[in-house]
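Written out below as structure tokens is the structure these notes cover.
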Amino acid sequence: MRAGLLDWYDEEGRTLPWRIRPEDRRAGKTADPYAVWLSEIMLQQTTVPHGTPYWHKFLEAFPTVIDLANAERETVLNMWAGLGYYARARNLHKCAQIIRDDYDGAFPKTEAALLKLPGIGPYTAATIAAICFDQATNIVDGNVERVISRIFKIEEPLPEARQPLRLLAGTLADPRRAGDYGQAVMDLGATICTPRSPNCPDCPWDNYCLAKANGHPEAYPKKSVKKPKPIRYGAAFVALHDGEVLLETRPDKGLLGGMAGLPGSEWTAEPLKNPLEAAPFEGDWVKSDNEVKHVFTHFELRLDVYKAEFETRPDSNQAWADDYLLAGLPTVFKKALKTVQF
DNA sequence: AAAGCGTGGGG
DNA sequence: TCCCCAAGCTT
């Protein structure tokens with residue numbers, strides 16, 4: 581599949597759509613910082629297959645960073661629904677407005693300046709600076725950490741080993757082609773030096789890999805023991821009127837911040853004693869037979885879903901959803917809706 | 001600096 | 001079913 585470390589595209593010349601191939605780069609083609617930035621934010625802790633459709637959708641709706649900045653935040657969050665880590669969407673919009681207002685619509689060209697923007701951390705700043713502006717940065721993501729930990733057979737576990745790993749990564753990086761190099765090592769990690777069963781025979785670096793020489797590359801990187809995931813319980817309410825559902829906007833901070841949601845209880849460590857107390861108003865609430873189980877990053881949720889029909893619209897200043905608003909629900913609430921028929 | 005922050009796919 | 005994990009950032 582790959583002739584060498586820097587040839588990350590396949591035989592038909594395909595590559596990830598936001599990338600510029602080395603040969604095109606040499607011919608003078610340059611990457612669009614907006615498109616690269618958008619892809620990097622979307623791919624933070626997110627798989628390429630999951631993120632790619634969102635990237636196309638956003639670029640079509642917002643061809644430039646100015647278009648994104650001028651959009652309503654509600655629209656941006658709605659389009660982000662399902663991609664997770666919603667602070668990314670809030671910061672994405674905020675960052676676009678800073679680019680519009682403070683940078684005349686053009687991304688800054690240095691790693692240090694990029695690092696100051698909301699949602700852009702060490703990895704993303706280094707990557708944009710290298711890919712778009714030929715800065716000799718040190719690109720370190722989870723793939724690079726894994727590759728480096730194996731080559732040097734690092735015994736210290738993650739996340740403690742992050743700083744040593746980034747220093748080692750810096751010793752191998754090619755400052756003349758930081759962008760190409762970084763993307764190549766990330767691709768190596770994504771396709772060959774994979775977490776569970778690395779394909780060492782196809783690896784261009786297998787002769788230099790201490791973990792492979794040891795016979796167990798898959799044992800690296802070592803990881804610190806993770807904490808158990810607690811269970812939380814809650815109730816959500818599907819109030820129906822004329823085929824529409826009552827929605828609320830969640831508080832800006834915290835879990836699913838700023839997103840649309842179903843009204844409901846707090847999510848607590850113990851099952852609710854009186855779940856109907858959390859209903860938005862009185863009604864003939866009927867509990868769904870199917871409890872929603874949804875796994876968040878740091879807890880698992882068990883959500884009871886209650887439904888009631890209302891002939892006359894109950895007094896409420898919240899929005900009753902049309903299809904557009906329903907599409908903007910985070911996944912946990914889409915699951916909740918699926919447990920009831922309407 | 002440790003914890004908070006989503007989701008879906010794969011072994 | 002369960003567990004791991006994916007191109008991290010913020011506070």
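The numbering of the first sequence is our numbering, which starts it at 581 and goes up by one. All C-beta atoms, glycine included, are put in the ideal place defined by N, C-alpha and C.
>> Using only the alpha-carbon positions, how far apart do I728 and I711 sit?
In response: Using only the alpha carbons, I get a separation of about 21 Å.
> Is P629 buried or exposed, if buried means 16 or more other CB atoms sit within 10 Å of its CB?
Replying inline: Per the 10 Å Cβ criterion, exposed.
> Do E691 and A676 have their CB atoms nearer than 8 Å?
Replying inline: In this structure, the beta-carbon distance from E691 to A676 does not fall below 8 Å.
>> For V866 and G844, I'd like the C-alpha separation in whole angstroms.
In response: The alpha-carbon atoms of V866 and G844 are separated by roughly 14 Å.
> Do you know offhand how far W785's Cα is from W900's?
Replying inline: Between W785 and W900, the C-alpha separation is close to 57 Å.
>> Output needed for F861: all residues of its chain with C-beta closer than 6 Å, excluding positions within five of it in sequence on either side, in chain order.
In response: Excluding residues within five positions, the ones whose Cβ falls inside 6 Å are P894.
>> For Q743, count the other beta carbons within 10 Å of its own beta carbon; 16 or more makes it buried, fewer makes it exposed. Which is it?
In response: Under the 10 Å beta carbon count, Q743 is surrounded by fewer than 16 other beta carbons and is classified as exposed.
> Taking C-alpha atoms, which residue in R726, P781, I719, E846 lies nearest to E620?
Replying inline: Residue I719 is the option with its Cα nearest to E620.
>> Using CA atoms only, rank isn't needed, just tell me which of P855, L768, F890, N870 is closest to V825.
In response: With distances taken between Cα atoms, V825 lies closest to F890.
>> So for E857, helix, strand or coil by DSSP?
In response: Reduced to three states, the DSSP call for E857 is helix.
> Counting along the chain, where does the beta strand (DSSP E) carrying Y703 start and finish?
Replying inline: No beta strand (DSSP E) contains Y703, which is instead part of the alpha helix (DSSP H) from 702–713.
> Beta carbon of A840, beta carbon of L827: below 8 Å?
Replying inline: Going by beta carbons, A840 and L827 fall inside the 8 Å limit.
> Where A753 and Q763 are concerned, what is the direct C-alpha to C-alpha distance, given to the nearest angstrom?
Replying inline: Distance between the alpha carbons of A753 and Q763: 11 Å.
> Among R726, G837, R653, A815, which has the Cα closest to the Cα of A667?
Replying inline: With distances taken between Cα atoms, A667 lies closest to G837.
> Looking at C-alpha atoms only, which residue of P775, L663, A816 is the closest neighbour of L883?
Replying inline: For L883, the nearest C-alpha among the options comes from A816.
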